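**Student:** Going by our numbering, the sequence shown opens with residue 11, and the numbers climb by one from there.
Yeah, the Cβ is synthetic: ideal placement off N, Cα and C, and Gly gets one too.
From a predicted model like this one, the values you see are computed outputs, not experimental measurements.
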Amino acid sequence: MDMAVENRPVRFAMAQIDTFVGDIAGNCEKVVKACKKAKAQDADIVVCPEMTLTGYPIDDLVFKNSFRYQASDATRQLAAALKDNGLGDLYVFVGSLGLGSLEAQKGKIWYATDHNRLFILHEGEIFDTYDKHFLPTYGVFDELRLFAPGDKPVTVELFGKKFGVAICEDIWREGGTVGDLRGEGIDLLVSMNGSPYNEGKMKTRYDLAVEKGTKLGCPVMYVNQVGGQDDLVFDGGSFVMDGEGKLYAQARQFAEDLVFWDLGASPSGEEGDVNVCRPLDSLDGQVYANSVLGLKDYGAKNGFDKAIVGLSGGIDSALCAEMAADAFGKENVTCIFMPSSCTSDQSKADAKEFAEALGCKFEEIPISSFISAFDSLGLKDGAEENLHSRIRGMILMSYSNEHGGLVINCANKSEMATGYFTMYGDSVGAYSPICDIYKSRVYKIAAYKNTKGGCISQSMLSKAPSAELHPGQKDCDTLPDYETLDSVLYAYIEENKGRAEMLAEGFDRAIVDQVISLVDKAEWKRRQCPVGPKVSLRALKHDRQIPITQHFFE
């Protein structure tokens with residue numbers, strides 16, 4: 011290699027793209043498009059996120075032979091397409107499914123034989139590969155069930171520089187193939203990632219980069235996926251950081267981006283640097299953006315371009331309507347207000363005023379006549395109250411059948427955790443954007459949104475929460491106040507504390523017993539609820555897997 015070439019800075023492009031699980035051809039097109047832009051800016055190396063071509067996570071698609079072979083073929087087809095488009099001189103790092111050996115596959119149908127693989131494409135060929143070593147099996151991940159682990163570290167020498175490579179979990183643990191790179195004298199560790207958002211995740215990633223950068227004596231390039239995939243949202247925020255915590259480049263959060271960085275040059279890495287886009291300062295803002303992106307991608311990737319919200323006049327449905335307007339456009343959101351004889355005049359006024367301010371379509375469909383149709387059943391108390399909710403759910407789903415549109419579920423995490431909702435009533439919907447946000451936090455996020463042009467009125471923010479299923483009803487008639495409730499829920503769910511531990515910390519005995527009982531008995535209800543975006547360290551679906559039929563109680 012010519013020494014003049016070897017001594018010049020090496021230009022990297024971090025291609026933070028929103029992939030679509032199973033759309034292998036579409037994902038390949040996105041890579042080609044990103045590479046064209048990178049080439050126009052004189053990039054030498056393009057790095058894409060984990061499992062770029064297949065999308066991520068692929069779950070049991072890995073066991074479908076038709077999917078496996080298509081993914082395998084696509085890697086070579088992409089290499090050829092890059093060369094055909096005049097991009098062959100780029101070194102393109104992409105992730106995809108790597109087929110296991112024929113011997114490993116023999117006689118195995120439901121066993122992991124394939125690899126989560128990094129491919130380096132160059133001049134129409136596969137230049138090199140690396141297989142993910144550490145396969146996570148915690149929280150939302152179950153990769154050891156799906157893939158076979160790699161066992162060899164890989165270094166690549168390009169343009170007179172030496173690079174180590176890793177895939178996501180490989181840098182989250184000690185040792186392994188990344189640990190084996192110590193003493194190799196690498197100039198950069200390149201890690202492609204599919205790292206979903208939860209609060210505080212960006213700081214954790216920075217800390218990892220500092221740790222690995224210190225041990226390896228080089229910067230770390232962390233290229234992350236962006237976009238929604240069912241109940242996961244990948245927030246992007248790809249970056250380059252060294253062992254001293256110096257940030258050289260960073261992509262946007264919650265949006266596709268293409269960011270350049272020159273290894274061997276000395277960019278400032280300071281605020282205002284064109285290569286550095288700092289994460290959102292407000293955690294409330296991050297949570298809001300996370301929910302909007304999850305909702306937007308769930309709709310777009312499942313063929314929905316408009317949304318339907320059952321608007322109650324309360325804060326939960328209002329916040330969900332704001333999110334829907336940001337995800338689909340306000341002109342594509344229909345808010346349906348369904349009053350009964352128990353609905354207050356204030357809720358009627360709040361709902362109509364909010365919809366007008368938001369600029370979405372507003373329809374009012376009274377439900378008293380529907381309720382009367384069930385008079386012969388003689389329903390009373392809870393049975394009658396649940397009927398109100400089920401009628402509203404039926405109207406929303408029927409409206410969707412007739413007019414199209416994604417029905418938004420408006421349940422918050424406090425309600426989901428305690429089972430404070432009606433099955434086949436307010437549990438309906440296809441996507442639940444605030445299902446991992448506690449009620450007390452909903453108010454804070456609504457207040458944040460109002461600082462960014464939101465329309466949620468002071469009346470909605472200040473009035474006592476109520477499902478208005480009977481006159482004068484308040485949520486606090488059934489549940490503790492939400493600040494108290496949410497503190498107990500957080501201890502029980504996120505911190506995984508038991509009854510004795512919570513009582514030792516001073517929580518009220520009666521409230522602890524009530525909350526634990528509600529949570530434990532509602533598992534069957536939660537299993538039937540729609541997906542929604544993970545926000546916390548421990549969401550109520552994949553992160554917390556409790557048997558429905560069981561007899562252990564605190």
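If you compare alpha carbons, which of Ala-337, Glu-564, Leu-499, Asn-17 is closest to Gly-170?
**Tutor:** Ranking Ala-337, Glu-564, Leu-499, Asn-17 by Cα distance to Gly-170 puts Asn-17 first.
**Student:** What are the start and end residues of the beta strand (DSSP E) that includes Glu-167?
**Tutor:** Unbroken beta strand (DSSP E) run through Glu-167: 165-168.
**Student:** So the alpha helix (DSSP H) Asp-391 belongs to, where does it begin and stop?
**Tutor:** Its alpha helix (DSSP H) spans residues 391-413.
**Student:** Around the Cβ of Ser-205, are there at least 16 other Cβ atoms within 10 angstroms (buried) or fewer (exposed)?
**Tutor:** So Ser-205 ends up on the buried side.
**Student:** Please specify which runs of the alpha helix (DSSP H), each continuous and at least 4 residues long, are wholly inside the segment 475-562, giving them in chain order.
**Tutor:** You should have 492-502, 509-514, 519-531, 533-536.
**Student:** Roughly how far, in whole angstroms, is the beta-carbon of Pro-59 from the beta-carbon of Asn-203, given that I think they are within contact range, below 8 angstroms?
**Tutor:** 6 angstroms between Cβ atoms; contact.
**Student:** Counting pairs of beta carbons, one from the segment 183-194 and one from the segment 211-219, are three or more of them closer than 8 angstroms?
**Tutor:** Touching, no.
**Student:** Report back the beta-carbon spacing between Ser-301 and Ile-418 to the nearest angstrom; my notes put them in contact at under 8 angstroms.
**Tutor:** That belief does not hold up - the Cβ atoms of Ser-301 and Ile-418 are roughly 11 angstroms apart, past 8 angstroms.
**Student:** Could you have a look at Asp-385 and say whether DSSP puts it in helix, strand or coil?
**Tutor:** Helix.
**Student:** Taking 8 angstroms as the limit between beta carbons, can you name the residues of its chain near Phe-363, skipping five residues before and five after?
**Tutor:** The question names Phe, yet the displayed sequence has Glu at residue 363. Cβ within range, chain order: Ser-467.
**Student:** In or out: Lys-254 buried (at least 16 other Cβ within 10 Å) or exposed?
**Tutor:** The displayed chain sequence assigns Glu, not Lys, to residue 254. The residue is exposed, with fewer than 16 neighbouring Cβ atoms inside 10 Å.
**Student:** Which ranges does the beta strand (DSSP E) cover as unbroken runs of at least 3 residues, wholly within the segment 202-236, from first to last along the chain?
**Tutor:** The qualifying runs are 230-234.
**Student:** Leaving out five residues before and five after Ile-136 in sequence, what residues of the same chain have Cβ atoms less than 8 angstroms from its Cβ?
**Tutor:** Thr-85, Arg-86, Ala-89, Phe-129, Ile-130, listed in sequence order.
**Student:** With a CB to CB cut of under 8 angstroms and the five nearest residues on each side skipped, what residues in its chain are close to Lys-49?
**Tutor:** Result list for Lys-49: Gly-96, Leu-97, Leu-100, in chain order.
**Student:** Mind checking Phe-341: buried by the 16 CB within 10 Å criterion, or exposed?
**Tutor:** It is Glu, not Phe, that sits at residue 341 in the sequence shown. Label assigned to Glu-341: exposed.
**Student:** Could you check what DSSP says for Ile-196 in three-state terms: helix, strand or coil?
**Tutor:** Note: Ile-196 maps to coil in three-state DSSP.
**Student:** Looking at the secondary structure, which residues open and close the beta strand (DSSP E) in which Gln-263 lies?
**Tutor:** That residue, Gln-263, is in no beta strand (DSSP E); it is neither H nor E in DSSP.
**Student:** Would you report the Cα separation of Met-151 and Arg-554, rounded to the nearest angstrom?
**Tutor:** Strictly speaking, residue 151 in this sequence is Phe, with Met absent from that position. Taking the straight line joining both Cα atoms gives about 12 angstroms.
**Student:** For Asn-17, name the three-state secondary structure that DSSP assigns.
**Tutor:** Of the three classes helix, strand and coil, the one that applies to Asn-17 here is helix, per DSSP.
**Student:** Note down the Cα distance separating Arg-536 from Thr-432, rounded to an integer number of angstroms.
**Tutor:** Between Arg-536 and Thr-432, the C-alpha separation is close to 11 angstroms.
**Student:** Could you pull out every residue in the same chain whose Cβ sits closer than 6 angstroms to the Cβ of Ala-549, ignoring the five residues on either side in sequence?
**Tutor:** Around Ala-549: Asp-446.
**Student:** Does DSSP classify Asp-28 as helix, strand or coil?
**Tutor:** Three-state DSSP puts Asp-28 in coil, outside helix and strand.
**Student:** May I ask you to list the residues that DSSP assigns as paired with Gly-246?
**Tutor:** Bridge partners of Gly-246: Gln-263.
**Student:** Check Ile-377 in the structure and name its three-state DSSP category.
**Tutor:** Correct three-state label for Ile-377: coil.
**Student:** Which residues in the same chain have their Cβ closer than 8 angstroms to the Cβ of Leu-199, if we skip the five residues on either side of it in sequence?
**Tutor:** Cβ neighbours of Leu-199 beyond the five flanking positions: Phe-173, Gly-174, Val-175, Ala-176, Ile-181, Val-188, Leu-191, Lys-222, Gly-223, Leu-226, Cys-228, Pro-229, Val-230, Met-231.
**Student:** Are the CB atoms of Gly-246 and Ala-259 within a distance shorter than 8 angstroms?
**Tutor:** Cβ atoms of Ala-259 and Gly-246: not closer than 8 angstroms.
**Student:** Check whether the segment 470-478 touches the segment 344-359, taking contact to mean three or more Cβ pairs, one atom from each stretch, closer than 8 angstroms.
**Tutor:** Yes, the segment 470-478 is in contact with the segment 344-359.
**Student:** Mark Glu-395 as exposed unless 16 or more other C-beta atoms lie within 10 angstroms of its C-beta, in which case mark it buried.
**Tutor:** Glu-395 is buried by the Cβ-count criterion.
**Student:** Would you list the residues sitting across from His-139 in a DSSP beta bridge?
**Tutor:** The residue you asked about is not His; residue 139 is Thr in the sequence shown. The partner list for Thr-139 (beta bridge, DSSP) reads Phe-129.
**Student:** Roughly how many angstroms separate the alpha carbons of Glu-511 and Ala-53, rounded to a whole number?
**Tutor:** If I take the Cα positions, the gap works out to 55 angstroms.
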